[in-house]
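Residue numbers (the numbering used here), protein chains in the order written: chain A, 1 to 878; chain B, 1001 to 1451.
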């Protein structure tokens, strides 16, 4: 790193990066130390400056310590300040030498100039050396009583510094209570503010160990204290106002009159030019009115204009911070902002992080009346030179289309995108068109006409290609060229690098085969051959499966790939409402910017004063399970789950929102079944699922009530959710979903929390009952025990365990699926649900117990599938 | 609680580094710089002003080619920190006169002195230039402003208009004038940033004015000031949709959507006669920010046309008409037009007799740039450009190019018609008559015409 330029000029010689320069400086300082000559101060200043500039650029000048201290005996305040700065920086590393400074600092603390007293006291407290604390107590005590407010402000913070060096010294000296008196009495607002900050920090750190401290902490939120601060609020500096407002936001008024009093008092703060003050005020307003719906809504209306003004004034960075908060509010109550949509139009010179927020807001506020204009605007961005934003805009158009407003026009627009012949536009649009078709199959005619014209050569991105192939398979009866396009794609099988595309290709060609057999037969053969030879495990397995099913029974195969389909009604929300609420609770903090609650990105000890989120967190995940994990650990684990999942979402926001999550036609359902399965394994305490839950989740994910073709012959599970082909396809998609993230199912975590707590009502758990069963003796006769028939006959006894077995036992059909169930990679079930590695053993235990015997034929692909029994399993809906 | 504050040059050098709480590792500046520089290399995205890395939250703002950074481990209000960083930059500018890398390096001891007082153990103490004055003992080493490229919104007054004393805006609040005596003066700047989007057919799709009344006072003794605005000024468009122009276009009233004020402003008589009363603190500060979506006459009309001219060729015609009075001159105009990505050569043709025009084809981002030193009100300027393509253009070439964007500065012009009727300074004596400068300027924020 280069040193400040001035020294490159003034020191004629070499770069001052080496030891030579420092020791030079040391010499010069030593010469000056004793000198009383005129002009010494000026030369000292130069040398001090040099030392500090070295310090700034990271050169270690701690060796100058004693010389610096010797030179500091001066009345020149500028010199003193530089020396204090230096000492503060290096004292921690040189505790012994620091002792040298104590003397002159203590002397300065008694200086008659309040400025010097304050400075010395601040430096004294900043030494951060534990064995010097005894020298701090005296000066701090007198500092707090000083008649100059500057010294008192310094002393108030000094107490906090002392607390951080040695909590016991600070508490023993009774400084907290002195601070409290000062806070409630001092005429100077800054002293009061500093006392407040210091006390908040001290008491929230103490609260863990001392009950008195937590009582004191609560006392801040009492009516007299809050009113005291509110009445003085105009005396405070804008920054101190933020601290006070933050405190007020946590206050719970006793009645509505109080609420209105506070709001009236603070209303003019909304016109403050400082965004931090305005946001802090808004937080107070929002939190005070949470229980009063109509007033809460009025608050939204009231704060809209100030927020918009803040967004457009100030620097880009400031407006980004405010915009993030606006974004949060818009997402909470889109209809209140639907007439302001023009404010969310992007400007060409805005940075992409701002544009992304705005696009999301535009998507959210779209309704019947403004969709046309919003979509028109978004279409302009699609032609933008900024490619990522162009992509985002297309996705936004798609999301609006999925919200069901004015689809007619939107579909036309999307089709126009396809005509733009820009690669990325085409790619994004294809993915969207596919999603649209899943929701509005009635549009297939128009879309297919256009999609059919797209040359597959122009589509390179895997997601888009997969979408195109899916459409080719799904609508092959309407697309004249479909079999031939597929055939040419299969010809280039080896050039296709994405396994996802190859998987889709297999499925699509099979679909196509059932619709137009003569034209596709050859292609199907080629595809299966290529698939069987494929090096990718999933592709290989799927090809093998199709091959065998075709061999076994063609109509089953048709059922497998062309089941009756229901239009997807709702695409799952990406963020669960609990997380959203937590973020809202932490309004005016980083949580809003990162879009995740604070426990996901801050360490526990840094969550700051008055952070109640921990308690909230444990509430929501307080699982009354039968496991022996201590509550704390459990919270930790659940937190981790959330953390992992959301951070993943963060990284993958781009791809996930473009519909990649939906690229596999049916795997929403898969996720649903996993979300049911996973929590069970994870917590060992096996929940008793109520049937509605299972259905509800499937519904949410768009599977709808099962359209089972025939009633299950065995009547084992009256509540079966999956028809055989769906099940089989879910299995087929398993590894696909494992290898990519999907934007669904924080429901998974939510489920864990609420369901388990609710369900476990003290009765013995099914799993326990099951595990307590006498073990079936193991013998060499493989055929002596049929695990499937065991489950058939015991289905009614262990409803849920049996359902698990249903899922688990299907896995050995493919070695890869079982591998992914047990390998570490398999623990990432989806981006919201990650299973702690330890639980793998638990899961394995269950499975082992179920299977009870080793599989003799562990040869790849030759598991139970080889037997007709397994196939009938798949075909007969268990 | 802020853990560290530091200022980096754009090359990543530490110019100032202050650690307040010692809970963030020392190498944070380097970690930060690397992260910002290589945010997402492939996507050319800018790093957001706030991000979290290994539990440390980094905040940064860019001011005058410098990165002002704060770090913390706690979950703070992002607005507070970003606002603070911006404020620190302004306080430093108040003291140094000019804020840039050079002046900061020359005065880093003074900056440390300021930082000591602004933040203590991570808690903000004061950012008032006024209050800080009594704690600051270093004298600023004034950097010669004349050599420096102009920075910040106020600097625009240095060019074009001779009426303004050039040194005033770069004057430190503490340094004495060379003559020894301080000049009593006060500057009130009405700075408006306008955003307009024209549709391809020339209609105004959106328009907004973001204005601020900026004040910089060099008055001794801090006298009270009265600032009177348009009498017919009205605030808030109650009940009506914000974009409902029909009712607001007549009458000539100035209707602000919303505004906010500096904390020193008293609004006692604002509702009666639109007068702001304040005791201006030292240094530069915004008296009032306002936002307006009322219809206004855009200062420039842009006309862009792209036509195919044979295979592998197209012609672009850009026309700009200045729709304001001829005694006003806009300066530093830059017009940009992205052209199809397969353009590989551009030749320009200016009007005969055009002076002070520059044209350029930016190969890297496929954009043509047309710079004009000044445009006199009422005049019209045209640029023709011939594009040569490396491939056959797509059917709709218009979709491949644009939109046209424009930046400019128009001194002594304000689009909103908001005015300072008078600026009254409470007089200490009859002879006390400080200089009062009221200046208007309009800048383009986002001025875009789609084609």
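Glycine included, C-beta positions come from ideal geometry on N, C-alpha and C.
Quick caveat: nothing in here was measured; it's all calculated off a predicted structure.
Run of the beta strand (DSSP E) containing residue 1211 (chain B), from where it starts to where it stops: Within the second chain, residue 1211 (chain B) is the residue found at index 211, counting from 1. Element bounds for residue 1211 (chain B): 1204–1217.
Looking at the structure shown, is residue 1417 (chain B) part of a helix, part of a strand, or coil, going by DSSP? On the second chain, residue 1417 (chain B) is found 417 positions in, with the first residue counted as 1. If DSSP states are grouped into helix, strand and coil, residue 1417 (chain B) belongs with coil.
Name, please, each residue of chain A whose Cβ falls closer than 7 Å to the Cβ of residue 1082 (chain B). Translated into positions along the second chain, residue 1082 (chain B) becomes position 82. Ordered by position in chain A, the residues that pass the 7 Å Cβ test against residue 1082 (chain B) are 317, 318 and 321.
Selection of the stretch 572–599 of chain A by Cβ proximity to chain E, strictly under 8 Å: As a matter of chain content, chain E is missing from the structure shown, whose protein chains are A and B.
Is the number of C-beta pairs between the stretch 280–290 of chain A and the stretch 243–262 of chain A that are closer than 8 Å three or more? These segments touch.
For residue 1066 (chain B) and residue 1101 (chain B), which I take to be in contact (beta-carbon distance under 8 Å), what is that distance rounded to the nearest angstrom? Taking the second chain and counting its residues from 1, one reaches residue 1066 (chain B) at position 66. Taking the second chain and counting its residues from 1, one reaches residue 1101 (chain B) at position 101. In this structure residue 1066 (chain B) touches residue 1101 (chain B) by the C-beta definition: roughly 6 Å separates them, less than 8 Å.
Presumed contact (8 Å Cβ cut-off) between residue 146 (chain A) and residue 155 (chain A), rounded CB distance: For the purposes of this step, residue 146 (chain A) is identified with residue 146 of the first chain, where counting begins at 1. For the purposes of this step, residue 155 (chain A) is identified with residue 155 of the first chain, where counting begins at 1. With a contact defined as Cβ atoms closer than 8 Å, residue 146 (chain A) and residue 155 (chain A) qualify at about 7 Å.
Can you pull the chain A neighbours of residue 1262 (chain B), defined as C-beta to C-beta under 8 Å? Within the second chain, residue 1262 (chain B) is the residue found at index 262, counting from 1. By Cβ distance, chain A contributes 273.
Going along the chain, which residues of its own chain have a beta-carbon closer than 8 Å to the beta-carbon of residue 1099 (chain B), five neighbours each way excluded? If you number the second chain from 1, residue 1099 (chain B) lands on position 99. Only 1063, 1064, 1066, 1089, 1092, 1093, 1151 and 1152 meet the Cβ criterion.
Out of A:460, A:20, A:69 and A:82, which one is the CA nearest neighbour of residue 45 (chain A)? As a first step, residue 45 (chain A) is located in the first chain; it is residue number 45 there, counting from the start. Put simply, of A:460, A:20, A:69 and A:82 the residue whose alpha carbon is nearest the alpha carbon of residue 45 (chain A) is A:82.
With 16 other Cβ atoms within 10 Å as the buried cut-off, status of residue 269 (chain A): Your numbering for residue 269 (chain A) matches position 269 in the first chain. Classification of residue 269 (chain A): buried, given that the 10 Å Cβ count is 16 or more.
Does residue 20 (chain A) get closer than 8 Å to chain B when you measure Cβ to Cβ? On the first chain, position 20 is the one that residue 20 (chain A) refers to. No, residue 20 (chain A) does not count as interfacial toward chain B.
Would residue 1188 (chain B) pass as a contact of residue 590 (chain A) if the rule is Cβ separation under 8 Å? Your numbering for residue 1188 (chain B) matches position 188 in the second chain. Your numbering for residue 590 (chain A) matches position 590 in the first chain. No, Cβ-Cβ distance for residue 1188 (chain B) and residue 590 (chain A) is not below 8 Å.
Since residue 197 (chain A) meets chain B, which of its residues come closer than 7 Å, beta carbon to beta carbon? Here residue 197 (chain A) is taken as the residue at index 197 of the first chain, counted from 1. Simply 1123.
Opposite residue 1040 (chain B) in the DSSP bridges: which residues? On the second chain, residue 1040 (chain B) is found 40 positions in, with the first residue counted as 1. Residue 1040 (chain B) pairs with B:1045.
Give, in chain order, every unbroken run of the alpha helix (DSSP H) that is at least 4 residues long and sits entirely within the stretch 160–208 of chain A. Within the stretch 160–208 of chain A, the complete alpha helix (DSSP H) segments of 4 residues or longer fall at 167–172, 175–185 and 189–206, listed in chain order.
Based on the DSSP output, what are the partners of residue 1436 (chain B) in its beta bridges? The residue labelled residue 1436 (chain B) in the question sits at position 436 within the second chain. Partner(s): B:1186.
Contacts around residue 1010 (chain B), its chain only, beta-carbon distance under 6 Å, and the 5 residues preceding and following it disregarded: In the second chain, counting from the first residue as 1, residue 1010 (chain B) sits at position 10. The answer, listed in chain order, is 1065.
Hey, quick one: how far does the beta strand (DSSP E) through residue 56 (chain A) stretch, first residue to last? Counted from its first residue, the first chain places residue 56 (chain A) at position 56. Looking at the DSSP string, residue 56 (chain A) is not in any beta strand (DSSP E); the run it does join, the alpha helix (DSSP H), is 40–57.
With DSSP collapsed to three states, give me the class of residue 346 (chain A). On the first chain, residue 346 (chain A) is found 346 positions in, with the first residue counted as 1. Of the three classes helix, strand and coil, the one that applies to residue 346 (chain A) here is coil, per DSSP.
Inter-stretch contact at 8 Å, needing at least 3 Cβ pairs: the stretch 200–212 of chain A / the stretch 540–555 of chain A: No, the stretch 200–212 of chain A is not in contact with the stretch 540–555 of chain A.
Examine chain A for any beta-carbon lying closer than 8 Å to the beta-carbon of residue 1443 (chain B), and answer yes or no. Counting from one through the second chain, the residue named residue 1443 (chain B) turns up at place 443. Under the Cβ distance rule, residue 1443 (chain B) does not count among the residues neighbouring chain A, no pair being separated by less than 8 Å.
At 7 Å on the CB atoms, spell out the chain A contacts of residue 1076 (chain B), in chain order. One-based indexing of the second chain puts residue 1076 (chain B) at position 76. Within chain A, the C-beta atoms nearer than 7 Å to that of residue 1076 (chain B) come from 589 and 590, in chain order.
Helix, strand or coil: how does DSSP classify residue 1062 (chain B) here? Within the second chain, residue 1062 (chain B) is the residue found at index 62, counting from 1. Residue 1062 (chain B): strand per DSSP, three-state reduction.
Within chain A, partners of residue 1016 (chain B) - CB distance below 7 Å: Here residue 1016 (chain B) corresponds to residue number 16 of the second chain, with the count starting at 1. Within 7 Å Cβ-Cβ: 56.
What in chain B is Cβ-close to residue 190 (chain A), meaning under 8 Å? In the first chain, the residue the question calls residue 190 (chain A) occupies position 190. Chain B residues near residue 190 (chain A): 1125 and 1126.
From the DSSP output, in three-state form, read off residue 580 (chain A) for me. Numbered from 1 along the first chain, position 580 holds the residue referred to as residue 580 (chain A). In the three-state scheme derived from DSSP, where H, G and I count as helix and E and B as strand, residue 580 (chain A) is classed as helix.
Please list, in chain order, all residues of the same chain as residue 1313 (chain B) whose beta carbon is under 8 Å from its beta carbon, the five residues on each side excluded. As a first step, residue 1313 (chain B) is located in the second chain; it is residue number 313 there, counting from the start. For residue 1313 (chain B), same chain residues with a beta-carbon under 8 Å away, outside a window of 5 residues either side, are 1386, 1387, 1388 and 1389 in chain order.
With DSSP as the reference, label residue 483 (chain A) as helix, strand or coil. Position 483 of the first chain, counted from the start, is the residue given in the question as residue 483 (chain A). In the three-state reduction of the DSSP assignment, residue 483 (chain A) falls in the helix class, which pools H, G and I.
Residue 251 (chain A) - DSSP class collapsed to helix/strand/coil: The residue given as residue 251 (chain A) occupies position 251 in the first chain. Residue state for residue 251 (chain A) is assigned as coil, using DSSP reduced to three classes.
Quick check on residue 206 (chain A) - is its C-beta less than 8 Å from some C-beta in chain B? Against the first chain, residue 206 (chain A) aligns to sequence position 206. For residue 206 (chain A), the answer is no, since every Cβ of chain B falls outside 8 Å of its Cβ.
Classify residue 1408 (chain B) as helix, strand or coil using the three-state DSSP reduction. Here residue 1408 (chain B) refers to the residue found at position 408 of the second chain. When secondary structure is reduced to three states using DSSP, residue 1408 (chain B) falls in the strand class.
Is it buried or exposed for residue 1004 (chain B), if we count other Cβ within 10 angstroms and need 16 for buried? In the second chain, the residue the question calls residue 1004 (chain B) occupies position 4. The residue in question, residue 1004 (chain B), is buried, as its Cβ has 16 or more Cβ neighbours within 10 Å.
Three-state secondary structure (DSSP) at residue 844 (chain A)? Counted from its first residue, the first chain places residue 844 (chain A) at position 844. For residue 844 (chain A), the predicted structure reports a pLDDT of 48, less than 50, and the residue's modelled location is therefore unreliable. A value from the coordinates is still provided. Three-state result, residue 844 (chain A): helix.
Report buried or exposed for residue 1433 (chain B), applying the criterion of at least 16 other Cβ atoms within 10 angstroms of its Cβ. For the purposes of this step, residue 1433 (chain B) is taken as residue 433 along the second chain, with counting starting at 1. Here residue 1433 (chain B) is exposed: its Cβ has fewer than 16 other Cβ atoms, across all protein chains shown, within 10 Å.
State the CB to CB distance for the pair residue 1375 (chain B) and residue 1317 (chain B), rounded to an integer number of angstroms; the pair is presumed to be in contact (CB under 8 Å). Taking the first residue of the second chain as position 1, residue 1375 (chain B) is located at position 375. Taking the first residue of the second chain as position 1, residue 1317 (chain B) is located at position 317. Not really, about 17 Å apart at Cβ, beyond 8 Å.
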